[in-house]
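Worksheet for the structure shown next.
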Amino acid sequence: MTSYFDLAKLLGGGSRQRLRHIYDKLRRNLYLDRWFPNIPLALATAIFGIFRISPDIPRALGVPLFKIGKRANVDLVHSALLGVPATAAGIFLLLMAVGLWLRSKLAWVAVTLILATDLTLAFADYASVSAVMLTYNALLLILLCAAFGSFYRSSLTTGTLFAITSILAVLVYSVFGSYRLGADFSPAITSFTTAFYYSIVTMSTVGYGDITPKTGDARLFVVSVIVLGISVFAASLSAVLVPLINRRITRLLQPGKGSMERMQHYVIVGNTALARNTYKQLSERKQRITFIRTQPEGDVSGLDVVVGDPSNLEVLRQAGAHLAKAVLALTDDDSRNAFVILAMRELAEQVKTVVAVNDARNLASVKRVHPDLIISPQILGGELLAMALSGEKLNADTLLGQLLHFQT
Numbered sequence: 003m004t005s006y007f008d009l010a011k012l013l014g015g016g017s018r019q020r021l022r023h024i025y026d027k028l029r030r031n032l033y034l035d036r037w038f039p040n041i042p043l044a045l046a047t048a049i050f051g052i053f054r055i056s057p058d059i060p061r062a063l064g065v066p067l068f069k070i071g072k073r074a075n076v077d078l079v080h081s082a083l084l085g086v087p088a089t090a091a092g093i094f095l096l097l098m099a100v101g102l103w104l105r106s107k108l109a110w111v112a113v114t115l116i117l118a119t120d121l122t123l124a125f126a127d128y129a130s131v132s133a134v135m136l137t138y139n140a141l142l143l144i145l146l147c148a149a150f151g152s153f154y155r156s157s158l159t160t161g162t163l164f165a166i167t168s169i170l171a172v173l174v175y176s177v178f179g180s181y182r183l184g185a186d187f188s189p190a191i192t193s194f195t196t197a198f199y200y201s202i203v204t205m206s207t208v209g210y211g212d213i214t215p216k217t218g219d220a221r222l223f224v225v226s227v228i229v230l231g232i233s234v235f236a237a238s239l240s241a242v243l244v245p246l247i248n249r250r251i252t253r254l255l256q257p258g259k260g261s262m263e264r265m266q267h268y269v270i271v272g273n274t275a276l277a278r279n280t281y282k283q284l285s286e287r288k289q290r291i292t293f294i295r296t297q298p299e300g301d302v303s304g305l306d307v308v309v310g311d312p313s314n315l316e317v318l319r320q321a322g323a324h325l326a327k328a329v330l331a332l333t334d335d336d337s338r339n340a341f342v343i344l345a346m347r348e349l350a351e352q353v354k355t356v357v358a359v360n361d362a363r364n365l366a367s368v369k370r371v372h373p374d375l376i377i378s379p380q381i382l383g384g385e386l387l388a389m390a391l392s393g394e395k396l397n398a399d400t401l402l403g404q405l406l407h408f409q410t
């Protein structure tokens, strides 16, 4: 089986490798891992939201949100793409843009659902929709789908915040629309109190039948409220309940393990003596540590352990490696350690990396993956033994240089 070090000789040649090297250098110099693609997508979503808050802005630029169609309520019908009237829709999108900025998975789901609904409604009445805005919408949706892996953050607090915001947004839309189309219902909705009552009954899909739509526009509006209500409730329950269930399952499977926020911590890959001693020393210094192991070997009670392939991006992300102070690849397999560093370069270039080298023949090859620090205790042991047997004077600088190799 071909190992990493057999392939390492090829890293310097070939157009694909050169392009990869150029991309890595560009990403490193521009700090792409810190702001791309979440910030550009957040700004694009915010622009779309601003256009909805103030439709006069795009119209002044010659890009109307909607062209005037035959139906008097075309703006109201198409505003169902956000579940709220135009102004509130823009505010909702701006809130989602903040979530995208923070790489929130829930915000990604919400904006993707909004844009997909927008396109569906647009094709249902294409003559009433601006082709420019339709193209902008479709392009933004494609870019969001392509960047799915960049939005990974999820927390109970964030999920609850977006759940409450989403439910309130749909409720405002339903109340506003019911009141505006009041004459199209039987009996007519003439007050906000009645509109609020009808909105709650419709969103919850109870449907008492005491108030019914009697025109095409009213029926289409009610359909939009039902679809949005179900979607928002489902997404909100998932955002709040899934983290709680996951925590409960984790505690049941690993009763000795407490919940730890994986941020500004150290990630140790491996279960070697070096890894365990490093954990002990960091723990004594009150540092938080997460282990990545290929299998749950040994006593893991009280430890924060992620089981999986440490060179897999999803496993590293689950361990919070992208938010860590440093990732330490300390297995007894030099090739696996090198693959971990390569994966970290792709996941989060700014995170410090430390790699252990067990075989002196692999030192030059490991240096080619550019870790921040290389530690070689086996090489140091050989150096100490040779110096002791030959009667040479021990030199602290020489020994430190053999043990630690800093990359510049």
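Heads up: the sequence shown begins at 3 in the numbering used here, then just goes up one per residue.
Each residue gets a CB set at the ideal place from its N, CA and C atoms; glycine is no exception.
- DSSP places Ser378 outside both helix and strand once states are collapsed to three, so it counts as coil.
- Distances from the alpha-carbon of Arg54 to those of Phe38, Gly92, Ala44 put Gly92 closest.
- Contact between the stretch 214–222 and the stretch 166–178 is not established, with fewer than three Cβ pairs separated by less than 8 Å.
- Within the same chain, Cβ atoms closer than 7 Å to the Cβ of Ala326 are found at His267, Tyr268, Val269, Val353, the five residues on either side in sequence being excluded.
- Setting aside the 5 residues that flank it on each side, Ala190 is surrounded in the same chain by Gly184, each with a C-beta closer than 6 Å to its C-beta; the list follows chain order.
- Cβ neighbours of Leu170 within its own chain (closer than 6 Å, five residues either side excluded): none.
- A Cβ-Cβ distance of about 5 Å is found for the pair Met98 and Ala112, placing them in contact under the 8 Å criterion.
- Take Leu330, set aside five residues on each side of it, and the residues of its chain with a beta-carbon closer than 6 Å to its own are Ile270, Val356, in chain order.
- According to the DSSP assignment, Asp336 belongs to the alpha helix (DSSP H) that extends over 336–349.
- Restricting attention to alpha helix (DSSP H) runs no shorter than 4 residues, the stretch 180–233 encloses them at 194–205, ordered along the chain.
- If the five residues before and after Phe194 are omitted, its C-beta is found closer than 8 Å to the C-beta atoms of Val177, Tyr181, all from its own chain and listed in chain order.
- Take the alpha-carbon of Val203 and the one of Thr196: they are about 11 Å apart.
- The stretch 226–242 and the stretch 278–287 do not touch, with fewer than 3 CB-CB distances between them shorter than 8 Å.
- About 6 Å separates the beta carbon of Leu104 from that of Arg155, a gap short enough to meet the 8 Å contact definition.
- The C-beta of Pro373 has 16 or more other C-beta atoms within 10 Å across all chains shown, which makes the residue buried.
- According to DSSP, residue pairing for Arg155 in a beta bridge involves Ser106.
- A direct Cα-to-Cα measurement between Phe153 and Leu146 gives close to 9 Å.
- With a 10 Å radius around the Cβ and a threshold of 16 neighbouring Cβ atoms, Ser206 comes out exposed.
- Separation of Asn339 and Val317 (C-alpha to C-alpha, rounded to the nearest whole angstrom) is 15 Å.
- Within the model, the alpha-carbon separation for Arg290 versus Ala362 is close to 31 Å.
- Closest option to Arg295, judged by alpha-carbon separation, among Glu348, Gly310, Phe38, Ala345: Gly310.
- Val357 is bridged by DSSP to Ala331, Ile376.
- Around the beta carbon of Leu276, 16 or more other beta carbons sit within 10 angstroms, so the residue counts as buried.
- Between the beta-carbon of His324 and that of Leu349 there is about 5 Å, and that keeps the pair under the 8 Å contact cut.
- The C-beta separation of Val359 from Ser337 comes to about 11 Å, leaving the pair out of contact by the 8 Å criterion.
- Collapsing the DSSP output to three states places Val113 in a helix.
- Put simply, of Ala220, Leu43, Leu365 the residue whose alpha carbon is nearest the alpha carbon of Asp186 is Ala220.
- Secondary-structure assignment with DSSP links Ile294 through a beta bridge to Val271, Val308.
- Under the 10 Å beta carbon count, Met265 is surrounded by fewer than 16 other beta carbons and is classified as exposed.
- Take the alpha-carbon of Gly322 and the one of Glu351: they are about 14 Å apart.
- In the three-state reduction of the DSSP assignment, Gln283 falls in the helix class.
- Just measuring C-alpha positions, the residue of Gly272, Ala140, Ile343, Phe235 sitting nearest Thr122 is Ala140.
- For Ser240, the closest of Leu45, Leu102, Pro39, Lys107 by C-alpha to C-alpha distance is Lys107.
- For Ala109, the closest alpha carbon among the candidates Asn364, Ser238, Val308, Tyr281 is that of Ser238.
- In this structure, the CA atom of Gly272 is about 5 Å from the CA atom of Leu332.
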